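Take a look at the structure set out below.
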């Protein structure tokens with residue numbers, strides 16, 4: 052029965068998204084925010100596999116061939132190893148290292164890190180925070196089976212309105228900043244709860260709201276799209292091949308990317324970046340779920356196409372033509388990052404590029420949410 056319900060929900064996801072989009076447009080702001088959050092929570096309960104690796108094979112070709120070498124040049128093997136390295140290098144304010152993870156979801160990453168800390172003999176406590184109680188219950192069972200209780204704890208809370216954030220030496224915000232609508236309150240809460248010597252660690256989406264390409268990025272996407280044969284233009288979101296790439300504003304029906312473009316600027320108001328590596332913009336539509344399954348990493352033509360799009364994208368990012376869509380970052384209190392590492396641009400430059408792209412749209416960035424209602 053449960054599998055049939057999930058299949059039914061998946062088949063009717065587009066009408067549901069359109070309904071939510073329409074309601075959000077007419078509801079008061081706070082009610083619309085609650086509806087988007089509820090829709091996201093329901094989606095992860097119906098399709099919990101989205102908390103895992105559902106990316107197409109071509110994404111892993113791209114990340115292995117192009118992203119990993121850049122990360123390795125800066126001493127990063129993977130986001131996971133980056134987190135662990137920085138956690139181990141953080142001085143605890145007390146006898147126990149306090150780690151707090153916001154938007155932890157299924158807590159797969161967090162439990163792996165907790166296990167690594169335990170195996171290294173580190174005295175720690177970890178608090179995993181998420182608004183989805185069902186996800187946290189499953190994670191708690193997983194932690195128990197791995198012998199990680201009571202060092203790992205679980206807190207069901209809405210990070211848009213977390214009243215008393217746990218004190219932390221390390222804060223993890225993995226793929227979650229872009230789900231937070233009240234970034235002002237959230238970043239202020241992080242500042243207030245982070246120890247003086249502490250770090251915020253994040254791998255996150257920092258492109259235009261809703262995963263919509265910026266105008267300059269869209270032009271590069273359109274150029275690449277025009278070279279594709281019809282068979283490579285199948286869009287899983289729309290269920291058909293399209294003559295052009297059709298942007299979808301995912302923040303119109305959920306909190307997916309709801310304030311992504313504001314993340315870096317809000318963080319700069321409170322913190323300094325110790326590490327700020329950004330990557331991926333025009334190449335992203337071709338390697339993610341909607342379009343990416345059209346490409347086979349075993350096919351020479353497909354590999355060549357991705358390679359060419361990636362090269363043009365990397366050159367545009369390095370020459371400051373447009374901002375990247377993703378960041379890996381280590382963030383500290385003001386004055387605590389004397390030797391920062393930035394590539395290919397600084398967070399301040401990224402913020403300036405974001406403002407420039409937003410200016411092309413003719414309105415303020417915070418109002419840039421609903422481009423297409425699916």
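Numbering (our numbering), first residue to last: 52 to 425. Heads up, the beta-carbon is just placed ideally off N, CA and C, and yes, glycines get one too. These numbers were taken from a predicted model, which means no experiment stands behind them.
- Between the alpha carbons of residue 310 and residue 156 lies a distance of about 19 angstroms.
- Within the segment 171 to 202, the runs of beta strand (DSSP E) that reach at least 3 residues and sit entirely inside it are, in chain order, 175 to 181.
- Sequence-distant partners of residue 339 (beyond 5 residues in either direction) whose C-beta falls short of 8 angstroms from its own C-beta, in its chain, are 106, 107 and 110.
- Taken through DSSP and simplified to helix, strand or coil, residue 351 comes out as helix.
- The C-beta separation of residue 328 from residue 378 comes to about 7 angstroms, placing the pair in contact by the 8 angstroms criterion.
- Residue pairing by DSSP places residue 153 opposite 180 in a beta bridge.
- The beta-carbon distance between residue 205 and residue 154, rounded to whole angstroms, is 13 angstroms. This is too long to meet the 8 angstroms contact definition.
- It is roughly 16 angstroms from the alpha-carbon of residue 232 to the alpha-carbon of residue 225.
- Residues of the same chain with a CB within less than 6 angstroms of the CB of residue 223, apart from the 5 flanking positions on each side, are 152 and 252 in chain order.
- According to the DSSP secondary-structure assignment, residue 206 is paired through a beta bridge with 180.
- Per DSSP, reduced to three states, the secondary structure at residue 135 is helical.
- In terms of Cβ geometry, residue 383 and residue 307 do not form a close pair [threshold 8 angstroms].
- Within the segment 214 to 296, the complete alpha helix (DSSP H) segments of 4 residues or longer fall at 234 to 244 and 266 to 276, listed in chain order.
- Residue pairing from DSSP places residue 329 in a beta bridge opposite 378.
- With contacts defined as CB atoms closer than 8 angstroms, residue 211 and residue 236 qualify as a contacting pair.
- A contact between stretches requires three or more CB pairs, one per stretch, nearer than 8 angstroms, and the segment 359 to 376 fails this requirement with the segment 285 to 296.
- DSSP places residue 119 in the helix class (H, G or I) of the three-state scheme.
- A residue is called buried once 16 or more other Cβ atoms fall within 10 Å of its Cβ, and residue 408 is buried on that count.
- Shown here, residue 322 sits in a strand according to DSSP, grouped into three states.
- Residue range 108 to 113 is occupied by the alpha helix (DSSP H) that includes residue 112.
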